[in-house]
Every structure is written in C-alpha cells, then in structure tokens.
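When the letters of the sequence shown are read in order and numbered with our numbering, they come out as residues 935 to 1382. Data block below; observations after.
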Amino acid sequence: MKVLVVGKGGREHALCWRLAQSPSVSELFCAEGNPGTAQIAATVPIAAGEIEGLRCFAQQERIDLCVVGPEQPLVDGIVDEFERYGLRIFGPSKAAATLEGSKSFARLVMRQAGVPMAEGESFDDSAAARDYVLARRTALVVKADGLAMGKGVAICEDREQALDAVARAMDEHRFGAAGSRLVIEERLKGEELSFFALCDGERALPLGIVQDHKAIYDGDHGPNTGGMGAYSPVPQFGRDLEDRVMREVINPTLAAMSERGTPFRGVLFAGLMVSGERLNVLEFNVRFGDPECESLMMRFEGDLAETLLQVAEGRLTERSFGISPRSAATVVLTSGGYPDKYRTGLPIRGLERIEGSDPSAAKVGWALKRVRLKIFHAGTALAGGQLLTAGGRVLAVTAGAAELHDAIATAYEAADMIEFEGKHLRRDIGRRALQCGVQPVTGAAHGS
Ligand code: AMP
Ligand code: GLY
C-alpha cells in the first residue's frame, strides 16, 4: 500500500522508519518530513496544517493510508476531510480529537465514564475562576482549555501564582482563544507515565507504558520541554498497572465516546499520575507522544501499516501486532537555550560514525551485544550536504536491547558521538527505573 505520514519531527521519523519495514508498504511519503525521513520516504512539501492540500495530494497519488503525527491537524478535522473523500486515514475525527483539543471536554467525558482524575472545574469567567482559587486550600494547576503549544499549564505553588495564571490567560489573553476557558485542578503528586492504546472505535489494545522526561535539566529541574527522553517498558509498573489502565481508563473512555456518537479511532494517549495505589488521568492526547513514539516504535513488532489500517477501518484484532519484551530508550539532543531562544543552522557532526558503513568500535560492540540503534531526526536541515540544527529538539537517539540498562547505555554512547555547538541532553533518562532495580516482565504478547 501507499502510505503518507503527516508531520516533520522525531515521532514522524520513527513512524516512517517502522512503516518502511512493513511488508505491506510499497511506497512511503512524508509531508513535510525532515532529512531523516527523506532517507526512507519521498518528501512532500506540504505542511501539516494544509489539510486540503494534503487531501488533494492523497487523492492524486492514490494514497491507501494516511498516518497523522501531530495533534493540530487532528483537532482541525483532517480525518473528517479525508473520509469525506473516501480516503483511509489513521486518527480520530475532529469531534473525537476534542479529547485533546479541550481539557474541559476531556473532563466531561471522564466524569461520564467514571475515569479517575484530579478534582477540579472549568471556568469561562475570570471572576468565578478567582473565587474558586480563593476558596481552595490545596495546591492548584491552572490550564488553558485549548491547545497552547504545551505552554498552557501553570503548576502553582500558592494562591498568588494561581491568581496570576488566571489573569494571564483570561485578562491578558496570553494563550488567545485557547485560554478563554480554564480548567483549574488540584495539584497531584506522584510519578508521571504515558500510556498508549490503539482504539478502533469499539476495541482497544495496549501499546504499552512509556516514561517521558519533560523538564530540561536532570532531576526534573527547570522549565518543561516537549520531552527530553523516554524509555519503555517502565519496570516499576508491570502488567498489573497496564490491565488497570485498560479497565479503568481506556475502555470506559472508548465506551463513553462511542455512546456520544463520536467513536474514538486512532491512538489514545493517557497522561497518568500514579502514587501508590492512586491512579489519575492528567490529560488525554489523541496521537503518539514525542519522544515516546521513538521508544515505542523500537518495540513494535508486526506490520505497522496493516495494524494502523485495521484501526482506521474499525477492525483491529488481537493478532495484528506484538510489543517486544525488549527495552527501548530515547535520549533527545537539544539546541542550547531551548525551550527558550536558541540558535539554528549549526553543523551537526558524528552521525556518519554511527550510521555510516565503517565498522567503528562502538558499532562492533553494539552488534555483539545485539543492541539496535537508530537516530531519529527532529529539528534538522540539510544545506549543501551538511546536516544542520533546525529546531529546539534536534535528534532523538534511540536504542533497543534485551535489558533496559543496555538500551540506556547505548543511547548515551551514541549521543556522545554526536556533536553540535550548544548541544544539551539530560544525563538521567531512565534513572528511576535503574534505581528501582526491577527487571521488566518478559514474554508479554501485548503491551509492556
Ligand atoms: P497537560 O498539558 O494537562 O499534560 O499538563 C502538562 C503537565 O502539567 C503534565 O505533564 C504534568 O506534568 C502537569 N500537570 C497537569 N495536570 C496536573 C495536575 N492535576 N497535578 C499535577 N501536575 C499536573
Ligand atoms: N512527550 C509528550 C507529548 O508528546 O505530549
């Protein structure tokens, strides 16, 4: 089949990489892609936001399946547009994507479905929001209701900060229309996990648990980023948690969406907070996470295109894929200064030592240990044959190995072979899992 991937980051490179290995894929396209995807997919110069343009391209090229990476086109209705023209596309309809596009809608569905979440309320009026803040005794989180490029959530230490956050969103309109409605929640403590399930409208199958590292510095210090690294499975949390999330979160949400007449098809990504026996959903996303997807794709077994087509056609079956019991780890290399201002256009060196044909000592070592390594491009550009930095997150170095500590060590070994001015990375990806000393459960057919 002819497959079109929409997006241009590390997540989309990972999807292309796995799709390129699918026996059912005859041709692969990526819009608008990056130098990494360009090695395995034809680059289509149409941005993810150009929904009509993408649909026209899919019609002209007779694309059999479109796979959408980022949330914005999903929330804007790319799936509805494709389906209106009889085109197959992996992702939720505009109505179902509201689970990510509106946090108050997500809370409404969770309430209806009995999904555990933080106590909280939604507000369209700043005076009422302020009164709520003043009446609360616990620490609060103030969230812009709509998509705000990851900047719409304020974790507040005290009432003053919460009142400031309300004013920024509702009086100063810092997040535009996304902040004209707010969700204010109790601040939860615990360990954050990303949970992924493929959903075909009626059925859901787990893809597994991944742990992201959102803060820019080691030890979860500094401002939040899109994600500095990930690993999967998360050995501290075994099959029990996976079963529980399917039972308490994914299946009821899927049933509630179906009951509303807006069945959810695609990948449902639940952001979880876990503390002891306490499990709560922080948010829903309606797409793969980045960098979670890079680690997940390292563990995915089967024909990804066929599996995603089954989801799109509402006929997902148990046998369509597996998740390897091996571990994966992703270390993200970022531009100095990110997530604030950073320079771009800086030469990147060292990839050829990792990906080139010469057998460097490191490569020989990885082959002996049966470790798999892949460098996914996130923010890179090519100019005159030279690879340059072109974004905040530059590369997502991903390794797969039988043991998590080998996957992590290999990702760092490769990350250290890559150089560009201002390169930054976290040194503690997966440290929590290594410190807990538990080895992952092996032999699972699905999920972690
Ligand atoms: P969201 O966009 O809802 O995922 O929020 C972004 C980040 O804010 C999450 O990844 C959490 O780190 C944090 N967060 C969101 N909601 C809460 C909450 N109720 N309590 C504590 N942290 C939260
Ligand atoms: N890594 C978190 C996200 O993709 O939203």
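For every residue, glycine included, the Cβ atom is placed at its ideal position computed from N, Cα and C.
Residue i beta carbon near ligand 1 (any heavy atom closer than 7 Å)
{"i": "residue 1077", "result": "yes"}
{"i": "residue 1121", "result": "yes"}
{"i": "residue 1215", "result": "no"}
{"i": "residue 1089", "result": "yes"}
{"i": "residue 1028", "result": "no"}
{"i": "residue 1407", "result": "Residue 1407 is absent from the structure shown; the chain starts at 935 and stops at 1382."}
{"i": "residue 1343", "result": "no"}
{"i": "residue 987", "result": "no"}
{"i": "residue 1296", "result": "no"}
{"i": "residue 1207", "result": "yes"}
{"i": "residue 1052", "result": "yes"}
Check: residue i C-beta below 7 Å from any heavy atom of ligand 2
{"i": "residue 1248", "result": "no"}
{"i": "residue 1161", "result": "yes"}
{"i": "residue 1226", "result": "yes"}
{"i": "residue 970", "result": "no"}
{"i": "residue 1158", "result": "no"}
{"i": "residue 1219", "result": "yes"}
{"i": "residue 1146", "result": "yes"}
{"i": "residue 1086", "result": "no"}
{"i": "residue 1223", "result": "yes"}
Residues sharing a beta bridge with residue i, DSSP
{"i": "residue 1358", "result": "1268"}
{"i": "residue 1039", "result": "The partner list for residue 1039 (beta bridge, DSSP) is empty, contrary to what the question assumes."}
{"i": "residue 1153", "result": "Residue 1153 pairs with nothing; no bridge assigned."}
{"i": "residue 898", "result": "Residue 898 is absent from the structure shown; the chain starts at 935 and stops at 1382."}
{"i": "residue 1353", "result": "1283"}
{"i": "residue 1387", "result": "One cannot answer for residue 1387 here, as it falls past the ends of the chain, which runs 935 to 1382."}
{"i": "residue 1316", "result": "1321"}
{"i": "residue 1140", "result": "1131"}
{"i": "residue 1297", "result": "Answer is none; residue 1297 lacks a bridge partner."}
{"i": "residue 1076", "result": "1088 and 1118"}
{"i": "residue 1146", "result": "1164"}
{"i": "residue 1212", "result": "1209"}
{"i": "residue 1027", "result": "Paired residue(s): none; residue 1027 is not in a bridge."}
{"i": "residue 1055", "result": "1118"}
{"i": "residue 1334", "result": "1262 and 1306"}
7 Å CB neighbourhood of residue i in its chain, flanking five on each side removed
{"i": "residue 1016", "result": "989, 992, 1000 and 1023"}
{"i": "residue 1183", "result": "1049, 1204 and 1215"}
{"i": "residue 1315", "result": "969, 1322 and 1324"}
{"i": "residue 987", "result": "980"}
{"i": "residue 1344", "result": "1300, 1305, 1307, 1333 and 1335"}
{"i": "residue 1326", "result": "1268, 1269, 1272, 1273, 1276 and 1313"}
Buried or exposed by the 16-neighbour rule on C-beta atoms within 10 Å, applied to residue i
{"i": "residue 1252", "result": "exposed"}
{"i": "residue 1033", "result": "buried"}
{"i": "residue 1292", "result": "exposed"}
{"i": "residue 1106", "result": "exposed"}
{"i": "residue 1369", "result": "exposed"}
{"i": "residue 1363", "result": "buried"}
{"i": "residue 1302", "result": "exposed"}
{"i": "residue 1317", "result": "exposed"}
{"i": "residue 1272", "result": "buried"}
{"i": "residue 1068", "result": "exposed"}
{"i": "residue 1157", "result": "exposed"}
{"i": "residue 1200", "result": "buried"}
{"i": "residue 1125", "result": "exposed"}
{"i": "residue 1281", "result": "exposed"}
{"i": "residue 1091", "result": "exposed"}
Same chain only: Cβ atoms within 6 Å of residue i, ignoring 5 sequence neighbours per side
{"i": "residue 1078", "result": "1086, 1103, 1109, 1112 and 1113"}
{"i": "residue 1190", "result": "1043, 1046 and 1047"}
{"i": "residue 1028", "result": "1011 and 1014"}
{"i": "residue 1330", "result": "944, 1225, 1228, 1264, 1266, 1310 and 1312"}
{"i": "residue 939", "result": "946, 949, 950, 964 and 1001"}
{"i": "residue 1237", "result": "956, 957 and 958"}
{"i": "residue 1219", "result": "1034 and 1203"}
{"i": "residue 1262", "result": "1166, 1229, 1232, 1233, 1334 and 1341"}
Contacts around residue i, its chain only, beta-carbon distance under 8 Å, and the 5 residues preceding and following it disregarded
{"i": "residue 1128", "result": "1143, 1144, 1145, 1146, 1164, 1203, 1204, 1205, 1206, 1223 and 1226"}
{"i": "residue 1154", "result": "1147 and 1148"}
{"i": "residue 1006", "result": "982, 983 and 1081"}
{"i": "residue 1038", "result": "1056, 1079, 1115 and 1117"}
{"i": "residue 1041", "result": "1051, 1054, 1056 and 1117"}
Any non-hydrogen atom of ligand 3 closer than 7 Å to residue i Cβ
{"i": "residue 1096", "result": "Looking at this structure, you won't find ligand 3 anywhere; what it does contain is ligand 1 and ligand 2."}
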